[in-house]
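Per our numbering, the very first residue in the sequence shown carries number 16; after that it's consecutive.
Okay, so here's the structure we're looking at.
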Amino acid sequence: MYVKDVMQSVVTTAPKGTPVQDAFEIMRDGGFRHLPVLDEFGKVAGILSDRDLRSVGAVYKDEATGSEDFLVTEDTTVDKIMATKPYSVSPEDSVSFAIDIIKEKRIGCLIVSKGGELLGILSYMDLLAALKQILEKPARESAA
């Protein structure tokens, strides 16, 4: 199985210079934890994670409603808090190789790129979904 078989190829991104407040809202409204950040040439400049947002101490959760909101007191931009050298894989890399990187580096996702061009993102949730399909396949086949 290859990265291209399980990656998300439709990826929301943000340009460098995006206010952290805007990035938080994009991630919250989209329901995802990672936001690739692109430079002025459309190449990956970094990746912003929900952990990066929490590191600036500005995300809070309303315990009564379970919703999250964001407070920021300055005009911080994503390029000031993002990881500037995100780990990446090629779509042709094996899923096993990608899992090894995620485990070893203790990260939540990998950028999928080729020649510096963003092609997708592979998160641990994508890997769990693929594992679930693999585990359910024998049950579906035996029921048929």
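All C-beta atoms, glycine included, are put in the ideal place defined by N, C-alpha and C.
> Is residue 136 near residue 16, with beta carbons less than 8 Å apart?
Replying inline: The sequence position of residue 136 within the sequence shown is 121, counting from 1. The sequence position of residue 16 within the sequence shown is 1, counting from 1. Result no, Cβ atoms of residue 136 and residue 16 do not sit closer than 8 Å.
>> For residue 39 and residue 96, what's the separation of their Cα atoms in angstroms?
In response: Position 24 of the sequence shown, counted from the first residue, corresponds to residue 39. Position 81 of the sequence shown, counted from the first residue, corresponds to residue 96. One Cα belongs to residue 39, the other to residue 96, and the distance between them is close to 12 Å.
> In angstroms, rounded to a whole number, what distance separates the CA positions of residue 153 and residue 146?
Replying inline: One-based indexing of the sequence shown puts residue 153 at position 138. One-based indexing of the sequence shown puts residue 146 at position 131. C-alpha separation (whole angstroms): 12 Å.
> At which residues does the beta strand (DSSP E) containing residue 110 begin and terminate?
Replying inline: Taking the sequence shown and counting its residues from 1, the one referred to as residue 110 is at position 95. That residue, residue 110, is in no beta strand (DSSP E); its alpha helix (DSSP H) goes 110 to 120.
>> Along the chain, where does the beta strand (DSSP E) containing residue 129 start, and where does it finish?
In response: Stepping through the sequence shown from its first residue, residue 129 is reached at position 114. Annotation for residue 129: the continuous beta strand (DSSP E) segment containing it runs 124 to 129.
> What are the complete alpha helix (DSSP H) segments, minimum 4 residues, inside the region 21 to 58?
Replying inline: Entirely contained in the region 21 to 58, the alpha helix (DSSP H) runs reaching 4 residues are, in chain order, 35 to 45.
> residue 92 bridges to which residues according to DSSP?
Replying inline: Indexing the sequence shown from 1 puts residue 92 at position 77. 34, per the DSSP bridge assignment.
>> I need the DSSP call for residue 104, collapsed to helix, strand or coil.
In response: Counted from its first residue, the sequence shown places residue 104 at position 89. DSSP places residue 104 in strand when its eight states are reduced to three.
>> 8 Å is my cut-off, CB to CB: does residue 51 come that close to chain D?
In response: The structure shown contains no chain D; it is built from a single protein chain.
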